[in-house]
Amino acid sequence: MIDFIVNKQQCTKCGSCVADCTAMIIAMENGYPAIAAEKEATCYKCQHCLAVCPTGAISILGLRPTGSRPLAGGYPAPDKLEMLLKGRRSVRRYKDENLDPALLQHLLEVAWHAPSGMNTRQVQFTVVDDKDTMAELREEVMSGLTRMVRDNALPEGMGFYADFIMMWEKNRYDIIFRGAPHLLIASAPKSVASPLPDCLIALSYFELFAQANGVGTVWSGLAKAAINDLLPDIRKRLGIPDDHLIGYAMAFGRPAVHYARTTQHGPAIIHRAT
Ligand SMILES: Cc1cc2nc3c(=O)[nH]c(=O)nc-3n(C[C@H](O)[C@H](O)[C@H](O)COP(=O)(O)O)c2cc1C
C-alpha cells in the first residue's frame with residue numbers, strides 16, 4: 672500500500688507528477704493524477720511525485736509535502752560548494768573527544784539521502800558512537816593483528832600490517848584508524864542491485880556533509896581490510912550481517928588539524944569520446 676493521495680484543492684492538474692514518475696505508473700484519471708491499484712507494486716518509492724509537485728498537492732507512503740523542505744533558492748552557491756569539494760581533506764589527526772550525538776545522528780540521516788541503485792536504500796551504517804567504544808575496537812583489532820603477525824598468518828600481499836603493528840606496539844601510533852574517536856562502516860546486502868556503489872556514495876555524502884560541519888573524515892582501506900578480510904570475528908561482533916558486502920570504512924571526529932587552503936590537483940584526465 673503506497674498511500675498515494677492527491678489534494679484536489681491544491682492540484683492544478685499540471686501533469687508534472689505523471690511526467691516525472693520513475694516507474695511511469697501515474698496517469699490522469701477523471702482529470703487528476705492517480706495510480707491504479709495493480710501498478711502500486713512497481714512504485715520505486717522515490718517520492719519524485721511528492722518532490723516535483725509545484726503546489727504540494729501529493730502525499731505518498733504516509734509522507735506529507737509539509738514534512739519536506741522547500742527547495743526554492745536554498746542550494747549553496749556553486750562557489751561555496753566548490754570550496755567544500757576542493758577544501759575537503761583526509762584528516763589523520765583527531766581531537767580525543769566525542770562528537771555531539773545529535774550532530775552525529777544528523778550527519779547519518781542526511782547521508783542516508785544518498786542515491787542507491789533502483790532506490791533500494793539498504794545501506795546499513797555501522798557506527799562507533801564514542802571514543803571509549805572506539806578505543807576497545809582499536810585494541811581488539813590491534814591484538815587480532817598482533818596474533819596474526821606472531822602466527823605468521825597474514826595472507827600474501829598483506830605483510831605490511833606487520834609494520835603497522837610494530838608502530839602501534841612501539842609508540843601507540845595507530846595508522847589503521849588514525850586515532851579517530853569514531854568509525855563508520857557502510858555495508859549493504861549482496862543481493863541488491865548495486866551494493867558497492869550504494870555504500871561508496873553514502874559514505875561520500877557523509878564525508879562531505881561531515882566536513883561542512885567541521886567534522887574530519889578519512890577513508891580507511893586498512894580498517895576495511897582488517898575488519899572484513901583479516902578479522903571476520905570482529906566483523907561478526909560488530910553486527911554486520913553475513914549476507915552484506917562491506918563497502919568501506921571511514922574514521923571520523925573533530926580534527927586536530929586545520930587546513931588553510933585548497934590543494935591544486937589537475938588538469939583532470941578527460942577523454943573526449945568521438
Ligand atoms: C578508497 C580510499 C581508500 C583510502 N584508504 C586510506 C587509508 O587506509 N588510510 C589513509 O590514511 N588514507 C586513506 N585514503 C585517503 C587518501 O590517501 C587521500 O584521499 C589522498 O591522499 C588525497 O588526500 P585528500 O583526501 O586529503 O585530498 C583513502 C582514500 C580512498 C578514496
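Under our numbering, the first residue of the sequence shown is numbered 672, with each subsequent residue one higher.
All C-beta atoms in this analysis are idealised placements derived from N, C-alpha and C, irrespective of residue type, glycine included.
Alpha-carbon to alpha-carbon, residue 864 and residue 789: For the purposes of this step, residue 789 is taken as the residue at position 118 of the sequence shown. For the purposes of this step, residue 864 is taken as the residue at position 193 of the sequence shown. Residue 864 has its alpha-carbon roughly 7 Å from the corresponding atom of residue 789.
Reduced DSSP category for residue 836 - H, G, I as helix; E, B as strand; rest coil: Stepping through the sequence shown from its first residue, residue 836 is reached at position 165. Three-state DSSP puts residue 836 in a helix.
Heavy atom of ligand 1 within 7 Å of residue 886 beta-carbon: As a working mapping, residue 886 is identified with position 215 in the sequence shown. Incorrect: residue 886 has no Cβ contact closer than 7 Å to ligand 1.
Contained beta strand (DSSP E) runs [length at least 3] in the segment 740-815, N- to C-terminal order: 795-799
Rounded distance between the beta-carbons of residue 838 and residue 832, thought under 8 Å: Stepping through the sequence shown from its first residue, residue 832 is reached at position 161. Stepping through the sequence shown from its first residue, residue 838 is reached at position 167. Not a contact, Cβ separation roughly 11 Å.
Neighbourhood of residue 706 by C-beta, 6 Å cutoff - its chain only, sequence neighbours within 5 removed: For the purposes of this step, residue 706 is taken as the residue at position 35 of the sequence shown. Closer than 6 Å at Cβ, skipping near neighbours: 675, 696 and 697.
With 16 other Cβ atoms within 10 Å as the buried cut-off, status of residue 802: Here residue 802 corresponds to residue number 131 of the sequence shown, with the count starting at 1. With 16 or more Cβ atoms within 10 Å of its Cβ, residue 802 is classed as buried.
C-beta neighbour in chain D for residue 877, strict 8 Å: Protein chains in the displayed structure number just one, and chain D is not present.
Environment of residue 899 [buried if 16+ CB atoms lie within 10 Å]: Residue numbering aside, residue 899 sits at position 228 when the sequence shown is read from its first letter. Under this definition residue 899 is a buried residue.
Residue burial classification, residue 886 (beta-carbon count within 10 angstroms, cutoff 16): Along the sequence shown, read from residue 1 onward, the residue named residue 886 stands at position 215. Under this definition residue 886 is a buried residue.
First and last residue of the uninterrupted beta strand (DSSP E) at residue 853: As a working mapping, residue 853 is identified with position 182 in the sequence shown. Run containing residue 853: 853-860, per the beta strand (DSSP E) assignment.
Residue 876, DSSP secondary structure in three states: One-based indexing of the sequence shown puts residue 876 at position 205. The answer is helix: DSSP assigns residue 876 an H, G or I state.
Residues near residue 870 by beta carbon distance below 7 Å, same chain, minus five either side: Against the sequence shown, residue 870 aligns to sequence position 199. Cβ neighbours of residue 870 beyond the five flanking positions: 794, 857, 858, 859, 918 and 919.
Segments assigned alpha helix (DSSP H), at least 4 residues, entirely inside the segment 865-916: 866-883, 892-896 and 903-908
Supposed contact pair residue 883 and residue 755 - C-beta distance, whole angstroms, cut 8 Å: Sequence index remark: in the sequence shown, residue 755 carries index 84 (1-based). Sequence index remark: in the sequence shown, residue 883 carries index 212 (1-based). About 6 Å separates the two Cβ atoms, so the contact holds.
Opposing strand residues paired with residue 687 [DSSP bridges]: Taking the first residue of the sequence shown as 1, we reach residue 687 at position 16. Note: residue 687 sits in no beta bridge, so no partner.
Validate contact between the segment 699-713 and the segment 673-690 using beta carbons, cut 8 Å, 3 pairs: With a cut-off of 8 Å, the segment 673-690 and the segment 699-713 count as touching, because enough Cβ pairs lie within range.
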